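Protein chains in written order, with UniProt numbering: chain A, 1 to 562; chain B, 1 to 168.
Don't be surprised by glycine CBs; every beta carbon is placed ideally from N, CA and C.
Keep in mind it's a predicted model, so treat the numbers as computed, not measured.
Below you'll find the structure, written out as structure tokens, and then a few comments.
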């Protein structure tokens with residue numbers, strides 16, 4: 001993975017000192033509260049419902065065991081002994097004190113980490129496929145691009161006061177695991193007909209109040225022109241994005257209101273005027289960064305492991321874990337694993353300090369010291385030898401990290417919701433927990449198969465409900481929490497937005513409604529179709545019908561009870 | 001108003017005018033863009049006051065007769081002025097570029113890096129954030145990644161230079 005050189009080190013250290021000064025200037029009255037707010041946000045510090053929240057950047061979700069151990073230390077000494085992984089592949093601490101923030105930032109800088117631009121109206125942490133560099137279906141590693149963008153976007157003089165936040169994602173695989181179509185900019189690494197490397201560029205995707213699928217504005221951009229082209233996009237957005245209404249300020253609205261064609265023309269116009277070679281990274285720099293992501297020294301191993309195969313026959317739990325959470329590796333004899341942070345009844349994405357320490361050890365012992373954070377709030381061990389899997393499984397199990405539910409109905413994305421967030425209109429974590437309990441049975445989960453459920457506790461859609469195969473949106477209606485259910489959302493290369501099934505329902509009815517939807521799927525399913533495939537084939541109607549009768553049954557039951 | 005440049009406070013020579021008559025009588029008028037297109041321009045180089053969403057082409061028509069362009073910042077968090085400055089420099093404006101409005105000291109380095117020479121700060125702001133604070137915040141970061149912004153070499157350029165030196 002990438003390591004800081006003296007410049008990166010100096011940059012992050014100076015940023016910590018700068019923030020220390022900014023806090024002091026707020027305290028002595030030089031900065032008003034209104035002026036300080038965006039400054040603290042640009043350094044990841046939110047004021048939540050009950051306390052400050054510090055969001056730490058995990059660039060493109062890649063982390064070392066050493067870094068995770070430092071996060072454990074911070075969780076223990078400055079928070080309540082746990083952290084929360086987010087849908088932006090970052091980590092949040094929910095209970096730090098303002099006075100401790102500079103000390104926490106120092107500890108982060110000690111391990112080449114920071115909280116720069118994890119919030120605020122600027123370019124946020126660039127995300128990438130969690131299986132970058134190891135996925136069997138990958139054509140090119142997106143991490144060098146993401147790292148180049150991390151550096152370029154850090155304290156960009158022109159683009160730190162944008163109309164609204166700005167998110168970039170990169171993928172280099174056929175199957176899009178980075179959800180690039182619902183990002184402000186989505187980059188897909190590709191090759192043109194001559195075999196030269198470059199990008200397909202989409203702009204204007206996003207979730208929130210007005211979900212949109214990104215539009216391709218450039219079919220092919222030569223790889224070495226990236227920074228100049230992104231600068232052109234950012235300049236058009238910074239100059240023309242709406243500032244009269246924060247709910248219409250994202251680039252997706254500009255693209256929508258201007259029209260993709262006209263927006264493209266303006267970007268290309270700007271691109272033609274700027275002096276690309278002075279902006280783009282020199283080839284040497286691209287190569288310098290890429291070298292950090294070169295394949296590790298893999299051992300020469302047979303594709304199949306006799307040790308693992310025989311252990312799987314003897315241990316049904318191990319067999320199930322490998323089947324569900326294992327991921328095909330490009331290197332023979334190796335496998336990658338999703339490590340679920342969604343134990344039934346737990347808080348999606350939460351990890352205790354003890355688990356972090358244990359997992360740091362595990363990553364060092366079994367995965368070349370590296371781990372990844374996924375946008376579905378799980379972790380990944382990217383470099384596991386198949387021979388080591390039985391021992392790895394035993395250790396994961398000992399720390400409550402061997403839940404075999406990756407991608408299943410209990411692997412739920414949930415925003416912090418009303419339990420933490422000042423914007424939330426409804427709870428989301430407790431809803432996730434109740435759904436997980438309803439479907440806790442392993443055999444039942446397996447029968448249902450892949451079914452990503454995503455829950456947001458307000459219209460801002462941090463839980464990505466629009467792109468959940470089942471999406472749940474919690475709102476407030478007449479003083480009660482009310483949940484709208486959608487189906488058919490998809491964040492992959494088949495990106496689509498979910499369709500509402502009917503009226504909102506009470507929180508206590510959500511698990512029952514999900515059961516009704518799942519039953520409908522199992523009834524309609526043909527062959528080995530997944531939930532989303534069935535929805536695509538039959539449409540939403542059978543689900544709407546079943547949902548309507550569920551709602552009717554419930555209201556009758558309620559009347560009878562009264 | 002307080003004018004702050006990278007070297008510290010500097011005197012202001014320009015007076016905002018609202019009519020053609022005022023523009024004629026002022027020793028150094030600062031003429032709003034809308035007015036500048038209508039009146040006969042003063043013979044001396046004058047200043048041009050432009051909103052942050054003014055089209056660059058429209059501003060560029062006045063380049064030959066102005067020695068200062070002041071870009072208004074309606075609020076410190078409205079970053080359009082940074083992009084406008086960048087574009088004005090690219091179009092070839094070589095006079096003084098002024099950011100005019102309630103900016104904060106924390107934006108000084110960015111404003112300079114985008115091509116501004118000075119900030120025209122309302123007095124209420126200058127009282128809270130005196131000139132010294134602006135100069136200190138300007139130097140709070142000594143490195144930047146972006147090539148083409150600011151005077152010093154970017155981190156990318158410095159890396160390249162170090163590599164070349166090591167190769168020799």
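TODO: At 4 residues or longer, and completely inside the segment 9-34 of chain B: list those alpha helix (DSSP H) runs for me, N to C.
DONE: 20-25
Task: Cβ-based contacts, 9 angstroms cut-off: residues of the segment 276-294 of chain A near chain B - done: 278, 279, 280, 281, 282, 284, 285 and 288
TODO: Measuring only between beta-carbons, confirm whether residue 113 of chain B sits less than 8 angstroms from chain A.
DONE: The residue given as residue 113 of chain B occupies position 113 in the second chain. Output row for residue 113 of chain B: interface = yes.
Open item on the list: Could you tell me which whole alpha helix (DSSP H) segments of length 4 or greater appear in the segment 360-405 of chain A?
Closed with: 389-398
TODO: With a cut-off of 8 angstroms on the beta carbons, I'd call residue 407 of chain A and residue 434 of chain A a contact; round off their distance for me.
DONE: Numbered from 1 along the first chain, position 407 holds the residue referred to as residue 407 of chain A. Numbered from 1 along the first chain, position 434 holds the residue referred to as residue 434 of chain A. With a Cβ gap of about 20 angstroms, residue 407 of chain A and residue 434 of chain A do not count as contacting.
Task: Test item: CB-CB of residue 357 of chain A and residue 69 of chain A under 8 angstroms - done: Sequence index remark: in the first chain, residue 357 of chain A carries index 357 (1-based). Sequence index remark: in the first chain, residue 69 of chain A carries index 69 (1-based). In this structure, residue 69 of chain A lies closer than 8 angstroms to residue 357 of chain A by Cβ.
Task: Nearest candidate by alpha-carbon position, reference residue 487 of chain A, set A:432, A:544, A:456 and A:457 - done: Here residue 487 of chain A corresponds to residue number 487 of the first chain, with the count starting at 1. It is A:544.
Open item on the list: What does the Cβ neighbour count give for residue 339 of chain A, buried or exposed, with the cut at 16 atoms within 10 Å?
Closed with: Mapped onto the first chain, residue 339 of chain A falls at position 339. Buried, by the Cβ-count rule.
Open item on the list: When you compare the CB positions of residue 60 of chain A and residue 146 of chain A, do they come within less than 8 angstroms of one another, or not?
Closed with: Looking up residue 60 of chain A in the first chain gives position 60. Looking up residue 146 of chain A in the first chain gives position 146. In this structure, residue 146 of chain A lies closer than 8 angstroms to residue 60 of chain A by Cβ.
Open item on the list: The alpha helix (DSSP H) that contains residue 2 of chain B, what's its start and end?
Closed with: Taking the second chain and counting its residues from 1, the one referred to as residue 2 of chain B is at position 2. Here residue 2 of chain B belongs to no alpha helix (DSSP H); instead the beta strand (DSSP E) covers 2-5.
TODO: Starting from the beta carbon of residue 3 of chain B, find every residue of chain A whose beta carbon is closer than 8 angstroms, and list them in chain order.
DONE: Taking the second chain and counting its residues from 1, one reaches residue 3 of chain B at position 3. Within 8 angstroms Cβ-Cβ: nothing; residue 3 of chain B doesn't reach chain A, min ~19 angstroms.
Open item on the list: Is there a C-beta anywhere in chain A that falls below 8 angstroms from the one on residue 148 of chain B?
Closed with: The residue labelled residue 148 of chain B in the question sits at position 148 within the second chain. Yes, contact with chain A.
- [ ] Use the C-beta contact count for residue 115 of chain B: other C-beta atoms within 10 angstroms, 16 or more gives buried, fewer gives exposed.
- [x] The residue you call residue 115 of chain B lines up with position 115 of the second chain. Counting Cβ neighbours within 10 Å, residue 115 of chain B comes out buried, since at least 16 surround it.
Open item on the list: So with CB distances below 8 angstroms, who are the chain B contacts of residue 95 of chain A?
Closed with: The residue given as residue 95 of chain A occupies position 95 in the first chain. Neighbours of residue 95 of chain A on chain B: none; closest Cβ ~27 angstroms, over 8 angstroms.
Task: Residue-level contact to chain B via CB, residue 238 of chain A, 8 angstroms cutoff - done: Your numbering for residue 238 of chain A matches position 238 in the first chain. It does: the Cβ of residue 238 of chain A has a partner Cβ on chain B nearer than 8 angstroms.
- [ ] Give a yes or no on whether 8 angstroms exceeds the smallest Cβ distance from residue 79 of chain B to chain A.
- [x] Taking the first residue of the second chain as position 1, residue 79 of chain B is located at position 79. Output row for residue 79 of chain B: interface = yes.
Task: Segments assigned beta strand (DSSP E), at least 3 residues, entirely inside the UniProt domain "Nitrite/sulphite reductase 4Fe-4S" (409-545) of chain A - done: 453-456, 470-477 and 480-487
Open item on the list: Please list, in chain order, the chain B residues whose beta carbon lies closer than 7 angstroms to that of residue 569 of chain A.
Closed with: In this structure chain A extends from 1 to 562, so residue 569 of chain A is not present and cannot be described.
Task: Bridge-paired residues (DSSP) for residue 120 of chain B - done: Taking the second chain and counting its residues from 1, one reaches residue 120 of chain B at position 120. According to DSSP, residue 120 of chain B bridges with B:3 and B:100.
Open item on the list: For residue 350 of chain A, which residues in the same chain have their Cβ closer than 7 angstroms to its Cβ, ignoring the five residues on either side in sequence?
Closed with: As a first step, residue 350 of chain A must be located in the first chain, where it is residue number 350. Excluding positions up to five away in sequence, the list reads 82, 84 and 341.
- [ ] Go ahead and label residue 166 of chain A buried or exposed: buried means 16 or more other beta carbons lie within 10 angstroms of its beta carbon, across all protein chains shown.
- [x] Here the question's residue 166 of chain A lines up with position 166 in the first chain. Residue 166 of chain A should be labelled buried.
Open item on the list: Taking 8 angstroms as the threshold (beta carbon to beta carbon), is residue 119 of chain A in contact with chain B?
Closed with: Residue 119 of chain A sits at position 119 when you count from the first residue of the first chain. No, no contact with chain B.
Open item on the list: Please classify residue 44 of chain B as buried or exposed, where buried requires at least 16 neighbouring CB atoms within 10 angstroms.
Closed with: Within the second chain, numbered from 1, the residue matching residue 44 of chain B stands at position 44. Exposed is the call here.
TODO: Return the bridge partner residues of residue 78 of chain A from the DSSP annotation.
DONE: Along the first chain, read from residue 1 onward, the residue named residue 78 of chain A stands at position 78. DSSP, once it has assigned bridges, lists no residue as partnering residue 78 of chain A.
Open item on the list: Determine, for residue 106 of chain B, whether the minimum Cβ-Cβ distance to residues of chain A falls below 8 angstroms.
Closed with: Taking the second chain and counting its residues from 1, the one referred to as residue 106 of chain B is at position 106. Yes, its Cβ sits closer than 8 angstroms to a Cβ of chain A.
Open item on the list: Using the three-state DSSP reduction, which class does residue 114 of chain A fall into: helix, strand or coil?
Closed with: Here residue 114 of chain A is taken as the residue at index 114 of the first chain, counted from 1. DSSP places residue 114 of chain A in strand when its eight states are reduced to three.
- [ ] Within the same chain, show all residues whose beta-carbon is closer than 8 angstroms to that of residue 35 of chain B, passing over the 5 residues directly before and after it, in chain order.
- [x] As a first step, residue 35 of chain B must be located in the second chain, where it is residue number 35. Contacts found: 17, 18, 19, 20 and 23.
TODO: Kindly list the residues whose CB is nearer than 8 angstroms to the CB of residue 180 of chain A, restricted to its own chain and excluding five residues on each side of it in sequence; keep chain order.
DONE: The residue labelled residue 180 of chain A in the question sits at position 180 within the first chain. Within the same chain, residue 180 of chain A has close Cβ partners 169, 170, 171, 186, 187, 188, 202, 205 and 214.
- [ ] Determine which residues of the segment 157-173 of chain A have a Cβ less than 9 angstroms from any Cβ of chain B, and write them out in chain order.
- [x] 157, 158, 159, 160, 161, 162 and 163
Open item on the list: Which of the three DSSP states is assigned to residue 350 of chain A in this structure?
Closed with: To locate residue 350 of chain A, count along the first chain from 1; it is residue 350. Reduced to three states, the DSSP call for residue 350 of chain A is strand.
Task: Rounded Cβ spacing between residue 425 of chain A and residue 462 of chain A (contact assumed at less than 8 angstroms) - done: Here the question's residue 425 of chain A lines up with position 425 in the first chain. Here the question's residue 462 of chain A lines up with position 462 in the first chain. The Cβ separation is near 12 angstroms, so there is no contact.
- [ ] Look up residue 217 of chain A in the DSSP assignment and say whether it is helix, strand or coil.
- [x] By 1-based counting over the first chain, the position of residue 217 of chain A is 217. Of the three classes helix, strand and coil, the one that applies to residue 217 of chain A here is strand, per DSSP.
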